[in-house]
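Residue numbers (my numbering): 156 to 574.
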Amino acid sequence: MHEEGAALEAVPRTLMGAGSVLRLGKVIREGWGDSISTVALISGGSSFDRNPLSSRIIAGLYEEHFGLLRFHVSGEPSPALVDRCVADIKKKRQERGAELMVVGIGGGSVIDTAKAAAACATMEEPSLRYLEGVGDLLPAGTRLPLIAIPTTSGTGSEATKNSVLSSVGTAGFKKSMRHPALIPDVVIFDPMLLDAAPYGVSAPAGWDAVTQLLEAAVSTKATILTDLYSFTGLSLSAEAFPSVCEFSKANGDGSSEAERQTRYRVRSDMALAAFYSGIALASAGLGLVHGAAGVLGGIHAIPHGVVCGLLLPPVTEALTMHILSNDGKIRYAACGYLLSGRIKGREAAFSAAREAADSGIVLLNETLASWQHSYPLPGFSEYGFTEEELTALAAKASMKNSPAKIPVEEVAKILTGLL
Ligand SMILES: [Fe+2]
């Protein structure tokens with residue numbers, strides 16, 4: 156663990172609670188006074204419009220006399236999509252007296268689009284030129300005011316300094332626009348909104364959050380600052396992840412007020428776990444599962460959370476067999492004690508891990524395997540991947556911050572075993 160030079164990125168102003176999203180108009184006035192005239196509202200394909208809260212949120216914005224510019228995002232965000240939003244925002248900004256801010260209300264794709272659009276609206280060039288690896292410019296570090304309202308608990312994009320954009324195909328990529336200025340000003344978590352996510356959304360999103368927490372917790376870049384968030388997030392996930400999967404399977408129909416309150420508590424816990432995963436990964440980085448996800452997501456349109464859910468159990472099993480350092484073993488074991496729910500609290504989990512590291516690692520692998528069994532996801536072939544493609548992709552998956560390395564042939568075996 157590196158405590159020298161340890162750093163934590165900014166944490167946005169955070170509001171939480173059932174009905175908190177209905178205060179959106181007031182939150183904007185509190186934060187920016189009369190300097191904002193128009194809200195560029197970026198939401199999902201149609202899920203937000205179907206939510207009974209959406210008309211009340213929009214009515215609240217009109218009550219505060221905001222003009223509205225609407226954008227709908229479906230699928231993984233691309234540079235072309237961001238550029239279309241930016242063109243409309245820039246056009247509106249040319250109107251006399253128009254001062255815009257961006258509000259992203261949706262899953263990780265929506266929030267990533269909102270972050271990139273808010274930044275690119277203050278810069279000259281197309282978004283592609285600011286992407287790491289494929290572009291040639293650094294973001295200027297400016298953006299329009301930005302509020303993120305997650306409707307899923309997964310990517311933690313509401314807390315991170317990057318926006319992931321992809322272009323699918325033979326020359327495809329999945330790359331980040333990265334700058335601390337991309338961290339939103341305000342994040343609002345409302346369990347009434349979060350509770351609308353169905354199983355097909357909640358399960359992959361939850362797998363993404365758990366993967367990010369685990370990868371940040373064992374990362375070679377983990378520090379005392381990031382540990383606070385990653386291990387607390389793992390402890391929250393122990394109950395929240397399986398509960399959210401069960402709730403969303405049952406769809407919440409016909410439940411009593413007491414059951415609804417329990418659902419809201421668990422949805423809030425999972426939202427916090429995802430938020431903490433974003434805070435932790437922004438400084439600690441991620442591991443092999445995300446290294447592979449970055450490559451896979453550029454080839455076929457596969458939801459990011461599905462890649463995480465498929466890969467996390469077998470990759471963790473392989474990494475824990477190859478790990479050599481004592482610190483790495485203790486970290487994996489502490490994750491196991493927390494994620495299995497055997498122990499609550501980071502210090503107690505580390506004590507148990509120092510005494511019995513192997514048992515903690517067994518618990519970790521057992522918990523992940525049982526969750527994969529209970530909350531299954533479609534395999535790679537459902538998204539068009541072939542054995543040849545996966546074998547070729549194995550060598551490209553980054554293990555940069557991973558505490559252990561796995562031979563490429565073993566990575567290929569894991570990938571092709573998930574067809
Ligand atoms: Fe992720």
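We treat Cβ as the ideally placed atom computed from N, Cα and C, and that holds for glycine. Bear in mind the structure is a predicted one, so any value in this text is a computation, not a measurement.
Contact annotation, Thr471 with Leu380: C-beta distance approximately 24 angstroms; criterion of less than 8 angstroms not satisfied. Within the segment 304-359, the complete alpha helix (DSSP H) segments of 4 residues or longer fall at 346-349, listed in chain order.
DSSP places Ile379 in the helix class (H, G or I) of the three-state scheme.
At a Cβ-Cβ threshold of 8 angstroms, Val257 and Ala242 do not count as neighbours.
Contact between Gly262 and Ala269 is ruled out by a C-beta separation of about 11 angstroms, above the 8 angstroms threshold. Taking the Cα positions, Asp238 is about 14 angstroms away from Gly290. The segment 274-281 makes contact with the segment 293-311; the number of CB pairs closer than 8 angstroms reaches 3 or more. Bridge partners of Ser385 according to DSSP: none are assigned. Given a length threshold of 4 residues, each whole run of the alpha helix (DSSP H) inside the segment 440-466 is given here in chain order: 443-451. The segment 384-404 makes contact with the segment 475-495; the number of CB pairs closer than 8 angstroms reaches 3 or more. In the displayed model, Phe203 falls within a helix according to three-state DSSP.
Take Gly539, set aside five residues on each side of it, and the residues of its chain with a beta-carbon closer than 7 angstroms to its own are His455, in chain order.
Annotation: the continuous beta strand (DSSP E) that includes Phe226 extends over 222-228. Going by beta carbons, Ala393 and Thr307 fall outside the 8 angstroms limit. Nearest Cα to Ile244 within the set Ser233, Pro232, Pro234, Phe226: Phe226.
Contact check between the segment 351-367 and the segment 428-436: three or more CB pairs, one atom from each, fall below 8 angstroms, which counts as touching.
The residue from Leu224, Gly174, Glu510, Thr315 with its alpha-carbon nearest to that of His334 is Thr315. If you check the CB distance, Asn520 and Lys376 do not come in under 8 angstroms. Annotated three-state conformation of Ile212 is helix, per DSSP. Relative to the non-hydrogen atoms of ligand 1, the Cβ of Asp267 never comes closer than 7 angstroms to any of them. Judged by DSSP secondary structure, Thr169 falls within the beta strand (DSSP E) whose first and last residues are 168-171. Within 7 angstroms of the C-beta of Asp363 there is at least one heavy atom belonging to ligand 1. Here Leu301 carries a strand assignment [DSSP, helix/strand/coil].
Judged by pairs of C-beta atoms under 8 angstroms, the segment 309-324 touches the segment 336-343, as three or more such pairs exist.
For Thr310, the CB falls within less than 7 angstroms of some heavy atom of ligand 1. In this structure, the CA atom of Gly230 is about 23 angstroms from the CA atom of Ala552. Within the segment 507-544, the complete alpha helix (DSSP H) runs of at least 4 residues fall at 512-529. Between Cys463 and Ala439, the CB-CB gap reaches or exceeds 8 angstroms. Between Ala173 and Pro305, the CB-CB gap reaches or exceeds 8 angstroms.
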